[in-house]
Amino acid sequence: MRANVQGFLSYIYKEFPLGQYGTQALLDYAYGRFRPYIPTSYQEEMQGLADGAGLPLRDIHRVHAAPELFELRGLVSCASFAAFGRATLDGRLYHIRNLDWIFQAGVQRYPLLLVYPEDGIVNIGYAGFLGVISGMNRAGISLGQIGATSRDWRLRGLPMPFLLRRVLEEAGTLEDAARIVRTAPRTVGHNYVIASGKEGRAIALETTHSLCVLFTDDREGTLDYAFPVTDVLYRADPALSPQVRRWQTCSNGYPNPPTGSRAYEVRYRKQGELLQRYHGQITPEVARAIARAIAPPSNIQSVIYSPSTLEFWVANADTTTRAAERPYQHFSFSELLGSSQEESWQEASSS
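Just so we're aligned, residue 164 is where the sequence shown starts under our numbering, counting upward by one.
Written out as structure tokens, the structure reads:
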């Protein structure tokens, strides 16, 4: 863990144009703005992490401040889809999340599953990082997040990784998840695909600091470059909401259409075309093939969720190979949290 934290910070000190001391000051400034909004329990956990690893607490704070600053600089771009009902071969819900981040930072060398049995959540992340970027809870809520830079941002708020952790800890339904995201003091722009195994469907949320637009179906309320697919919700960077797109700087930036940008042409449009091509045939294996087809060189993590069965598959990049090209490892909640956790969920979902 020490190696991951120290290596990650060393990388960003070199890459940010402010140099080491300027970047440290920027990260400290950002964390100071975030801190009043971060739950005390998370702050205590960061203190424990620093103590246990023998690291300065300030370094742990800097690691947790970095993702939102990366989003502001447009350094990351991801993709996610959830397919269900008529879109899948067996009618079950399948959800993918490709994390396309900063390959050179090397965090993919330190993958970690953080299991919180009392909270019933699994955080699919990296050593030294307590926020959530991918994960699922025992209610069958699974997460996909995509950075979507915009001019509507502020640092005084709850950073995305801690917001998503709240979703896993508190949400039992899609309505819960949407409410948590909508009412949170958000910081920078993100798109989300959130799925529910219990409900057998998904939602998409497009957000900036002040806007949060909910989609249950992409056939209504979307811009003309949208490519809706029945019983599928999927996203890359470009917002489909005219209100949110008006503020975006990603994917050519408003007022330009996103067409021609890689985020649109590969991670959005190609993703949609593949989902349409395999409509009615989507399985975990097909989902992996789609994840691989849309993954850029920066793809460090790929997750396939089966929320209705409380299973998921994870692939992590190595030093040269994209995650979606690597073997996926299977996990189930019955193994990670104990069979009683899974049985209680199955009973609740069938009642």
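Don't be surprised by glycine CBs; every beta carbon is placed ideally from N, CA and C.
If you're wondering where the values come from, they're calculated on a predicted model, not measured in any experiment.
With Met299 as the anchor, note down where its beta strand (DSSP E) starts and where it stops.
Start and end: Gly298 to Asn300.
Does the separation of the CB atoms of Ala480 and Gln271 fall below 9 angstroms?
Yes, the pair counts as a contact, with Cβ atoms nearer than the cut-off.
For a test of the three-state rule: what should DSSP assign to Glu436, helix, strand or coil?
DSSP places Glu436 in helix when its eight states are reduced to three.
What alpha helix (DSSP H) runs, 4 residues minimum, are completely inside the region 180 to 249?
If we require 4 residues or more, the alpha helix (DSSP H) runs fully inside the region 180 to 249 come out as 182 to 197, 203 to 216 and 220 to 235.
Roughly how many whole angstroms lie between the Cα atoms of Met164 and Gly335?
In a straight line, the C-alpha of Met164 is about 32 angstroms away from that of Gly335.
Relative to the alpha-carbon of Pro219, which residue among Tyr388, Gly291, Phe233 and Ser424 has its alpha-carbon at the smallest distance?
The option with the nearest alpha carbon to Pro219 is Gly291.
Would DSSP call Thr371 helix, strand or coil?
Here Thr371 sits in coil by DSSP.
With H, G and I counted as helix, E and B as strand and the rest as coil, what does DSSP make of Pro420?
The answer is coil: DSSP assigns Pro420 none of H, G, I, E or B.
Let me know if Tyr355 comes out buried or exposed under the rule of 16 or more other beta-carbons within 10 Å of its beta-carbon.
The residue in question, Tyr355, is buried, as its Cβ has 16 or more Cβ neighbours within 10 Å.
Classify Gln537 as helix, strand or coil using the three-state DSSP reduction.
Residue 537 lies beyond the residue range present for the chain, which begins at 164 and ends at 514; the question has no answer from this structure.
Where Ser240 and Ala426 are concerned, what is the direct C-alpha to C-alpha distance, given to the nearest angstrom?
Using only the alpha carbons, I get a separation of about 7 angstroms.
Decide yes or no for the touch test of the region 208 to 219 against the region 385 to 402: beta carbon pairs closer than 8 angstroms, at least 3 of them.
The region 208 to 219 vs the region 385 to 402: no contact.
Count the other CB atoms within 10 Å of the CB of Leu181; is the residue buried (16 or more) or exposed (fewer)?
Burial call: exposed.
Could you work out which residue in Val226, Arg349 and Glu338 is closest to Met323 when comparing CA atoms only?
When only C-alpha atoms are compared, the closest one is Arg349.
Work out the CA separation of Gly443 and Gly416 for me, nearest whole Å.
So the two alpha carbons sit approximately 34 angstroms from each other.
Could you give the residue range of the alpha helix (DSSP H) that holds Leu396?
Premise fails: Leu396 lies in the beta strand (DSSP E), Val395 to Arg398, not in any alpha helix (DSSP H).
State the Cα-Cα distance for the pair Gly384 and Ala213, rounded to the nearest angstrom.
Their backbone Cα atoms lie some 46 angstroms apart in a straight line.
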